[in-house]
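Each remark here refers to the structure printed beneath this line.
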Amino acid sequence: MLKIMGGGIRHVQPDDIYATATPAPTSTHFPFAHGMLLKETERLIKDMDYEILESAHALGKEDLTYFGMYRLKSHVKDTETWDPLVGIRNSHDKTMAAGLTCGEHVTVCSNLMFSGAFTFTRKHTRHGFTETLDGMAETFTKLPAIDKYISERIDTFKTITVEDDRDVSKFILECAGRNLIAPNTTVGVWNEWLDPTHDDFKDRTLWSLVNSFTTVHGDKNYSPFRIARDTLKLNEFITETWAEELVELDSPLLKSEDREDYTE
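In terms of my numbering, the sequence shown opens at residue 339 and continues consecutively.
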């Protein structure tokens, strides 16, 4: 379930966003409606042929700040392993630039944490609205590259055989040693590897090993921030450990930022 994190906000519906007032512009500050950002985001989602599975919206500071998140249906066939995420934000009080972020893991928080694989932000200048729309469109068009990469990565993981349980045990312990998983979950991951909950993961492959971690992780009541952080670090360690087998996996540019933020 998507949820905007942080304090001082109230979770609302899209109609509440469209109903908010937009301050008049000044000679240096040109705010634009929260609803315009929401509308443009959903237009981009539709134009890129994604389906919205879930969304969450929040307002803060007496409706001067807006935060939104979307979970989309992946274009990757036959998988429920990941859903693309999109985050958006806007403000009328110069506390943060308007922006869009998207990727496999996205953070949107009222404390101004705002990150994903691809992130774009722009201040509310005279041409800020046009630049924001253009930047959002350019940023969002990069999302299918992640879809393609994830699909190829899954297919590759399924071809890599992992037969020696001693190697698996060592890998799990090293993950705990690197703080990629909590020490008290090592037994659960090990048991999940030995006796998978789902028949799809009974094959002794890297894909089954990955799902030993994600299955146990999903059973824990961890915050979205922790799950995103740990999953990213785990993937990095997997790539490091099985580097020879994954060397031919074509990885696109999966991280880029074009930020412009307010300063004190």
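From the three backbone atoms N, C-alpha and C, an ideal C-beta is built for every residue, glycine too.
(request) Assign Phe563 to one of three DSSP states: helix, strand, or coil. (result) Within the sequence shown, the letter at position 225 stands for residue 563. Here Phe563 scores only 48 on pLDDT, less than 50, and its place in the model should not be relied on; the value that follows carries that caveat. Residue state, collapsed to three classes: helix.
(request) Note down the Cα distance separating Asp472 from Lys341, rounded to an integer number of angstroms. (result) Within the sequence shown, residue 472 is the residue found at index 134, counting from 1. Within the sequence shown, residue 341 is the residue found at index 3, counting from 1. Rounded to whole angstroms, Asp472 to Lys341 spans 27 angstroms at the Cα level.
(message) Quick check on this structure: which residue in Asp401, Leu584, His443 and Glu595 has the alpha carbon closest to the alpha carbon of Pro361?
(response) Locating residue 361 in the sequence shown gives position 23, where the first residue counts as 1. Nearest of Asp401, Leu584, His443 and Glu595 to Pro361, Cα basis: Asp401.
(message) Relative to the C-alpha of Thr499, which candidate in Phe478, Phe539, Leu376 and Ala520 has its C-alpha closest?
(response) The residue given as residue 499 occupies position 161 in the sequence shown. Here the closest residue by C-alpha is Phe539.
(message) Please classify Phe563 as buried or exposed, where buried requires at least 16 other C-beta atoms within 10 Å of its C-beta.
(response) Within the sequence shown, residue 563 is the residue found at index 225, counting from 1. Residue confidence is low: Phe563 scores 48 on pLDDT, short of 50, so the model does not pin down where it sits. Its coordinate-derived value is still stated next. By the 10 Å Cβ count, Phe563 comes out exposed.
(request) For the alpha helix (DSSP H) holding Gly473, just list the boundary residues, first then last. (result) One-based indexing of the sequence shown puts residue 473 at position 135. First-last of the alpha helix (DSSP H) with Gly473: Gly466 to Phe478.
(message) Quick check: the Cα distance between Glu490 and Thr366, rounded to an integer number of angstroms?
(response) Within the sequence shown, residue 490 is the residue found at index 152, counting from 1. Within the sequence shown, residue 366 is the residue found at index 28, counting from 1. One C-alpha to the other measures close to 47 angstroms.
(message) Taking the straight line between their C-alpha atoms, what separation do you get for Thr468 and Leu518?
(response) Counting from 1 along the sequence shown, the entry for residue 468 is found at position 130. Counting from 1 along the sequence shown, the entry for residue 518 is found at position 180. Distance between the alpha carbons of Thr468 and Leu518 is about 41 angstroms.
(message) Nearer than 6 angstroms: is that true of the beta carbon of Leu410 relative to any heavy atom of the ligand ADP?
(response) By its list of ligands, the structure shown contains no ligand whatsoever, and the ligand ADP lies outside what it can speak to.
(message) What does the Cβ neighbour count give for Ala359, buried or exposed, with the cut at 16 atoms within 10 Å?
(response) In the sequence shown, residue 359 corresponds to position 21, counting from 1. Exposed is the call here.
(request) Assuming Phe452 and Met474 form a contact by the criterion Cβ under 8 angstroms, report the distance between their Cβ atoms to the nearest whole angstrom. (result) Here residue 452 corresponds to residue number 114 of the sequence shown, with the count starting at 1. Here residue 474 corresponds to residue number 136 of the sequence shown, with the count starting at 1. In fact, because the Cβ distance is near 13 angstroms, the residues do not count as touching under 8 angstroms.
(message) Rounded to whole angstroms, what is the Cα-Cα separation between Ile355 and Ile510?
(response) Here residue 355 refers to the residue found at position 17 of the sequence shown. Here residue 510 refers to the residue found at position 172 of the sequence shown. Their Cα atoms are separated by approximately 45 angstroms.
(message) Using a 10 Å radius around the Cβ and a threshold of 16 neighbouring Cβ atoms, would you call Leu336 buried or exposed?
(response) No answer is possible for residue 336: it lies beyond the span of the chain, which begins at 339 and ends at 602.
(message) So, with DSSP's three-state summary, where would you put Ser594?
(response) Along the sequence shown, one-based indexing puts residue 594 at 256. Strand.
(request) Closer than 8 angstroms by C-beta to Thr535: which residues in its own chain qualify, once you throw out the five before and the five after it? Chain order, please. (result) Taking the sequence shown and counting its residues from 1, the one referred to as residue 535 is at position 197. Here the set comprises Thr553.
(message) Considering only their Cβ atoms, is the gap separating Ile488 from Trp420 smaller than 7 angstroms?
(response) The residue given as residue 420 occupies position 82 in the sequence shown. The residue given as residue 488 occupies position 150 in the sequence shown. Cβ distance < 7 angstroms, so Trp420 and Ile488 count as in contact.
(message) Here's the rule: buried if 16 or more other CB atoms are within 10 angstroms of the residue's CB, otherwise exposed. What is Pro422?
(response) In the sequence shown, the residue the question calls residue 422 occupies position 84. Pro422 should be labelled buried.
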